[in-house]
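These protein sequence lines map, in sequence, to chains L and H.
Using the UniProt record's numbering, read the first sequence as starting at 1 and increasing by one per residue.
Using the UniProt record's numbering, read the second sequence as starting at 1 and increasing by one per residue.
2 protein chains.
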Amino acid sequence: MTTATTTPATAASRVRSLEISDIRFPTSRELDGSDAMNPDPDYSAAYVRMTCDDESEGDGFVFTIGRGNEVVVAALQALAPLLEGRAVGTPHDLAEASRALLHDSQLRWLGPEKGVMHMAVGAVVNALWDRQSRVAGVPLWEYLSFLSPEEIVDQVDFRYLSDALSHEQALDILRAAEPGREQRAASLREQGYPAYTTSPGWLGYSDEKMVRLAEQAVAEGFTQIKLKVGADLEDDVRRLKLAREVVGPDIRIAIDANQRWDVDDAVNAVQRLSPWDPYWIEEPTSPDDVLAHAAIRRQVGPVKVATGEHGQNRVIFKQLLQAGAIDILQMDAARVAGVNENLAIILLAARFGVPLCPHAGGVGLCELVQHLSMFDYVAVSGSMEDRVVEYVDHLHEHFEDPAVVRGGRYAAPTAAGFSARMHAESRERFAFPGGAAWATT
Amino acid sequence: MTTATTTPATAASRVRSLEISDIRFPTSRELDGSDAMNPDPDYSAAYVRMTCDDESEGDGFVFTIGRGNEVVVAALQALAPLLEGRAVGTPHDLAEASRALLHDSQLRWLGPEKGVMHMAVGAVVNALWDRQSRVAGVPLWEYLSFLSPEEIVDQVDFRYLSDALSHEQALDILRAAEPGREQRAASLREQGYPAYTTSPGWLGYSDEKMVRLAEQAVAEGFTQIKLKVGADLEDDVRRLKLAREVVGPDIRIAIDANQRWDVDDAVNAVQRLSPWDPYWIEEPTSPDDVLAHAAIRRQVGPVKVATGEHGQNRVIFKQLLQAGAIDILQMDAARVAGVNENLAIILLAARFGVPLCPHAGGVGLCELVQHLSMFDYVAVSGSMEDRVVEYVDHLHEHFEDPAVVRGGRYAAPTAAGFSARMHAESRERFAFPGGAAWATT
Numbered sequence: 001m002t003t004a005t006t007t008p009a010t011a012a013s014r015v016r017s018l019e020i021s022d023i024r025f026p027t028s029r030e031l032d033g034s035d036a037m038n039p040d041p042d043y044s045a046a047y048v049r050m051t052c053d054d055e056s057e058g059d060g061f062v063f064t065i066g067r068g069n070e071v072v073v074a075a076l077q078a079l080a081p082l083l084e085g086r087a088v089g090t091p092h093d094l095a096e097a098s099r100a101l102l103h104d105s106q107l108r109w110l111g112p113e114k115g116v117m118h119m120a121v122g123a124v125v126n127a128l129w130d131r132q133s134r135v136a137g138v139p140l141w142e143y144l145s146f147l148s149p150e151e152i153v154d155q156v157d158f159r160y161l162s163d164a165l166s167h168e169q170a171l172d173i174l175r176a177a178e179p180g181r182e183q184r185a186a187s188l189r190e191q192g193y194p195a196y197t198t199s200p201g202w203l204g205y206s207d208e209k210m211v212r213l214a215e216q217a218v219a220e221g222f223t224q225i226k227l228k229v230g231a232d233l234e235d236d237v238r239r240l241k242l243a244r245e246v247v248g249p250d251i252r253i254a255i256d257a258n259q260r261w262d263v264d265d266a267v268n269a270v271q272r273l274s275p276w277d278p279y280w281i282e283e284p285t286s287p288d289d290v291l292a293h294a295a296i297r298r299q300v301g302p303v304k305v306a307t308g309e310h311g312q313n314r315v316i317f318k319q320l321l322q323a324g325a326i327d328i329l330q331m332d333a334a335r336v337a338g339v340n341e342n343l344a345i346i347l348l349a350a351r352f353g354v355p356l357c358p359h360a361g362g363v364g365l366c367e368l369v370q371h372l373s374m375f376d377y378v379a380v381s382g383s384m385e386d387r388v389v390e391y392v393d394h395l396h397e398h399f400e401d402p403a404v405v406r407g408g409r410y411a412a413p414t415a416a417g418f419s420a421r422m423h424a425e426s427r428e429r430f431a432f433p434g435g436a437a438w439a440t441t
Numbered sequence: 001m002t003t004a005t006t007t008p009a010t011a012a013s014r015v016r017s018l019e020i021s022d023i024r025f026p027t028s029r030e031l032d033g034s035d036a037m038n039p040d041p042d043y044s045a046a047y048v049r050m051t052c053d054d055e056s057e058g059d060g061f062v063f064t065i066g067r068g069n070e071v072v073v074a075a076l077q078a079l080a081p082l083l084e085g086r087a088v089g090t091p092h093d094l095a096e097a098s099r100a101l102l103h104d105s106q107l108r109w110l111g112p113e114k115g116v117m118h119m120a121v122g123a124v125v126n127a128l129w130d131r132q133s134r135v136a137g138v139p140l141w142e143y144l145s146f147l148s149p150e151e152i153v154d155q156v157d158f159r160y161l162s163d164a165l166s167h168e169q170a171l172d173i174l175r176a177a178e179p180g181r182e183q184r185a186a187s188l189r190e191q192g193y194p195a196y197t198t199s200p201g202w203l204g205y206s207d208e209k210m211v212r213l214a215e216q217a218v219a220e221g222f223t224q225i226k227l228k229v230g231a232d233l234e235d236d237v238r239r240l241k242l243a244r245e246v247v248g249p250d251i252r253i254a255i256d257a258n259q260r261w262d263v264d265d266a267v268n269a270v271q272r273l274s275p276w277d278p279y280w281i282e283e284p285t286s287p288d289d290v291l292a293h294a295a296i297r298r299q300v301g302p303v304k305v306a307t308g309e310h311g312q313n314r315v316i317f318k319q320l321l322q323a324g325a326i327d328i329l330q331m332d333a334a335r336v337a338g339v340n341e342n343l344a345i346i347l348l349a350a351r352f353g354v355p356l357c358p359h360a361g362g363v364g365l366c367e368l369v370q371h372l373s374m375f376d377y378v379a380v381s382g383s384m385e386d387r388v389v390e391y392v393d394h395l396h397e398h399f400e401d402p403a404v405v406r407g408g409r410y411a412a413p414t415a416a417g418f419s420a421r422m423h424a425e426s427r428e429r430f431a432f433p434g435g436a437a438w439a440t441t
């Protein structure tokens with residue numbers, strides 16, 4: 001490549017070791033992050049630091065909400081022997097590593113490709129990409145955006161996808177987006193990427209706090225906010241009405257039920273809330289239920305149906321798209337098997353023309369997923385229309401390269417890597433159960 | 001109840017402690033259990049022994065195929081605090097315990113309701129039922145069969161099911177089967193329940209061994225056998241042809257691809273194998289892919305489509321039934337959340353009129369799942385027509401109350417409990433990594 005943003009080849013090396021830690025933040029004390037399904041989360045990370053023979057490092061993590069973080073730690077430990085000694089250097093090395101982690105037959109039995117084991121694979125794969133872009137000296141979004149279509153497609157496991165997306169179709173999508181990548185990367189660096197905020201809407205907040213934060217969000221430049229719903233319908237009506245009054249008709253208000261409803265409950269609730277113009281209904285029901293999402297979508301239009309933060313793997317996203325079950329695809333950076341599986345999901349979304357509005361928040365999810373949406377803009381969909389990345393203003397201070405949102409937009413990261421690295425002092429202070437933050441409780 | 005098989009009330013007590021162990025059998029040395037996806041399994045169990053204040057005990061386990069068994073052990077350890085001190089005694093206590101395990105919001109995040117965490121819940125729930133029927137002095141199939149319809153329905157989590165099965169519809173199914181339960185239980189004790197065998201069909205076996213074991217199976221009275229397929233189509237054709245020649249036209253031969261194919265591969269392969277009259281194609285593709293199973297089924301009839309051993313929870317089974325994606329539902333006793341979720345799955349199958357042909361084999365899966373099919377016969381579907389429970393003749397010697405198959409039929413268990421208890425000497429010898437069986441490798 002001959003342009004200003006060519007990606008340097010990264011030095012060949014081998015993975016030497018994985019350092020795995022259990023990190024938990026006592027967020028339940030303030031009800032940050034409370035919703036209808038998760039009343040008292042302690043935002044946590046099962047964290048992995050990979051070190052290679054050339055002393056290069058890559059970080060990754062699984063986000064959890066407290067208890068059970070140690071189970072993911074055990075899963076990461078089970079993966080370590082598969083990675084140690086493995087070659088890293090070319091993008092193809094990463095494709096091979098991803099396959100080796102996913103196709104270990106004995107570990108695969110524990111999913112397959114879902115739950116604790118799959119999330120752990122995601123953390124390790126993300127650490128590989130953090131190292132890859134870090135060594136290349138560019139942010140991950142840029143590193144991915146200027147790989148060749150062939151290199152991108154090589155990362156994708158097409159097993160179970162061929163009835164919706166073939167290798168050739170994926171290449172066609174990427175080739176069609178090749179022209180204009182430089183200009184889009186430049187505009188991204190200048191203008192950033194649209195964000196929306198969930199900070200006003202946690203279920204545990206008082207009406208007063210919600211209203212104050214909603215006003216503040218609009219003042220800061222956000223054009224979309226989100227409210228949690230699903231515990232009590234009359235409360236939901238009161239809160240949505242209040243929020244609509246305070247933000248006016250031009251701000252989009254998404255609502256999020258966090259899986260609380262069956263089909264009829266969802267349809268009834270959304271119809272009851274419709275006078276206050278919710279933009280999308282998020283996670284109306286089980287994240288596994290493709291047919292229920294399709295049934296809900298048929299009955300709640302023009303309110304859009306969104307899901308994905310708990311989407312277990314590419315097979316569920318494929319079906320949600322095939323069935324016409326969603327208007328909005330909410331990928332998560334740390335639930336599926338990392339960057340590689342998210343590349344498959346991004347290509348599926350492009351194939352079906354469904355916009356990505358990723359889930360974020362938690363611990364470090366904003367930091368990670370911004371890169372994937374920016375890659376989508378530069379090298380896949382080529383569009384920001386109706387696309388927003390969630391933003392929650394918690395816990396960013398623990399990261400070396402925190403997400404920066406200004407005027408309602410994510411600033412394009414400029415530091416090398418996947419923004420995945422947590423400060424050493426945070427990892428120490430919030431180590432569970434031995435860290436200082438936990439010793440005082 | 002006033003009949004001869006009334007279930008005594010079980011004494012009220014509380015769970016005192018859970019003893020959790022990692023048990024592995026070095027089965028990969030003989031290629032027992034080898035298939036297209038799992039070439040070298042070491043059949044294993046993450047095992048839990050629950051002890052109550054009254055010294056009563058219940059056992060349960062997750063079946064895995066080796067590496068990663070320790071991750072399930074970690075998940076069981078995470079569940080222990082939720083169970084210790086909890087009341088056990090009435091069936092309603094078990095319904096409450098099941099809900100408490102599934103609805104812990106922090107642990108739920110790790111699925112939700114799938115993968116390692118969910119399988120661990122299943123082991124603990126199964127241990128509760130083992131203890132329940134053991135204290136009652138009857139085998140589990142009988143204990144369940146003579147609960148009232150209300151008691152059964154109380155066990156079911158109807159969340160996400162209401163678009164396919166309501167509380168009232170489930171009651172109707174059970175009430176319709178109440179007449180004749182005594183007679184069916186008596187006929188079960190006398191005649192047993194139909195089995196089929198997978199022992200001839202492992203992919204790692206030579207043609208000679210496969211032929212010899214197929215002949216032997218027919219001689220023993222089996223009317224259905226199963227062959228593994230999916231690694232190489234020409235091998236599959238040769239093996240199926242050989243097997244058909246040796247068993248003749250009247251023995252059903254099921255084929256099992258263990259998830260190896262995409263939709264078109266599956267259709268092509270089944271059509272190619274059709275001249276030798278396969279009865280069902282099992283796990284043609286991803287266990288998550290409802291729409292793919294439906295597409296395959298539309299194209300391979302009259303060959304039946306079967307799946308379920310990796311079905312992650314009731315929501316996937318509901319959709320497989322709603323979409324008309326399967327002819328045969330292959331529930332597994334130890335992948336979903338135990339007896340309670342399997343009661344939901346059995347009721348869903350009855351509602352859609354689809355026969356249960358459970359997955360078994362592994363470690364102790366025959367021992368467990370026979371009880372669920374027998375309950376289905378006595379108290380739900382009332383039928384054995386086109387219903388068979390898988391049988392594999394491995395590892396039964398490690399159980400105190402091993403499954404007994406004679407003349408191609410499972411003998412109805414008569415000992416109290418869920419047949420879940422492994423001999424103490426087996427648990428010791430095959431403990432991983434410290435047991436004598438591993439010390440010598």
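Cβ coordinates follow ideal geometry from the N, Cα and C atoms, glycine included.
| Asked | Found |
| --- | --- |
| First through last residue of the alpha helix (DSSP H) which encompasses V300/H | 290-300 |
| Residue of R260/H, V389/H, E400/H, R314/H minimising C-alpha distance to M422/H | E400/H |
| Rounded separation between T27/L and A185/H - CA only | 54 Å |
| Within chain H, the residues that S286/L reaches when beta carbons sit closer than 9 Å | P112, E113, R159, Y160, N313, V315 |
| Distance, P200/H Cα to R212/H Cα | 8 Å |
| Stretch-stretch touch, CB-based, cutoff 8 Å, three pairs: the stretch 86-102 of chain H with the stretch 305-319 of chain H | no |
| Identified DSSP bridge partners for R24/L | S44/L |
| Touching by the beta-carbon criterion (3+ pairs, under 8 Å), the stretch 366-383 of chain H and the stretch 165-181 of chain H | yes |
| Chain H contact residues for P41/L, given Cβ-Cβ distances below 9 Å | S105, Q106, W109 |
| Burial state of S206/L, where buried means 16 or more other Cβ atoms lie within 10 Å | exposed |
| Per-residue DSSP class, three states only, for Q330/L | coil |
| Sequence ranges, beta strand (DSSP E) only - wholly within the stretch 145-228 of chain H, length at least 3 | 193-201, 224-228 |
| Cut-off 6 Å between Cβ atoms - residues of its own chain near L18/H, not counting five sequence neighbours on either side | V48, M50, A80 |
| R67/H at chain L interface by Cβ criterion, 8 Å | yes |
| For F390/L, the three-state DSSP class (helix, strand or coil) | According to the sequence as given, residue 390/L is Glu; it is not Phe. Three-state DSSP puts E390/L in a strand. |
| Nearest-angstrom Cα separation, counted from N340/H out to A403/H | 22 Å |
| CB contact check: N38/H to chain L, cutoff 8 Å | yes |
| 8 Å Cβ cutoff met for G115/H and A334/H | no |
| Residue closest to I345/H, alpha-carbon to alpha-carbon, out of A45/H, V124/H, A136/H, F158/H | F158/H |
| Proximity test, Cβ basis, 8 Å: H394/H and chain L | no |
| Status (buried if at least 16 other CB within 10 Å, exposed otherwise) for H359/H | buried |
| Neighbour flag for A337/H against chain L, beta carbons, 8 Å | no |
| The alpha helix (DSSP H) enclosing A306/H, as first and last residue numbers | That residue, A306/H, is in no alpha helix (DSSP H); its beta strand (DSSP E) goes 304-307. |
| Where R406/L falls: helix, strand or coil (DSSP) | strand |
| CB contact check: D232/L to chain H, cutoff 8 Å | no |
| Status (buried if at least 16 other CB within 10 Å, exposed otherwise) for G192/L | buried |
| R427/H - containing beta strand (DSSP E), residue span | Segment 424-429 is the alpha helix (DSSP H) holding R427/H; no beta strand (DSSP E) there. |
| Among D54/L, S21/L, I65/L, R24/L, the one whose alpha carbon lies nearest that of V40/L | Note that residue 40/L is Asp in the sequence shown, not Val. It is I65/L whose Cα lies nearest to the Cα of D40/L. |
| Per DSSP, the bridge partner or partners of A87/H | R14/H |
| Three CB pairs or more closer than 8 Å across the stretch 303-310 of chain L and the stretch 280-287 of chain L | yes |
| Neighbour flag for H118/L against chain H, beta carbons, 8 Å | yes |
| Distance CB(Q169/L)-CB(R297/L) smaller than 8 Å | no |
| Member of V378/L, D386/L, M331/L, M374/L whose CA lies at the smallest distance from the CA of G361/L | M331/L |
| Min CB distance E245/H to chain B below 8 Å | Annotation note: the requested chain B is absent from the structure, which comprises protein chains L and H. |
| At least 3 beta-carbon pairs within less than 8 Å: the stretch 255-264 of chain L vs the stretch 213-225 of chain L | no |
| Assigned secondary structure, T2/H (DSSP; H/G/I helix, E/B strand, else coil) | Note on T2/H: pLDDT 36, under 50, position unreliable in the model; the coordinate value appears next. Coil at T2/H, not helix or strand. |
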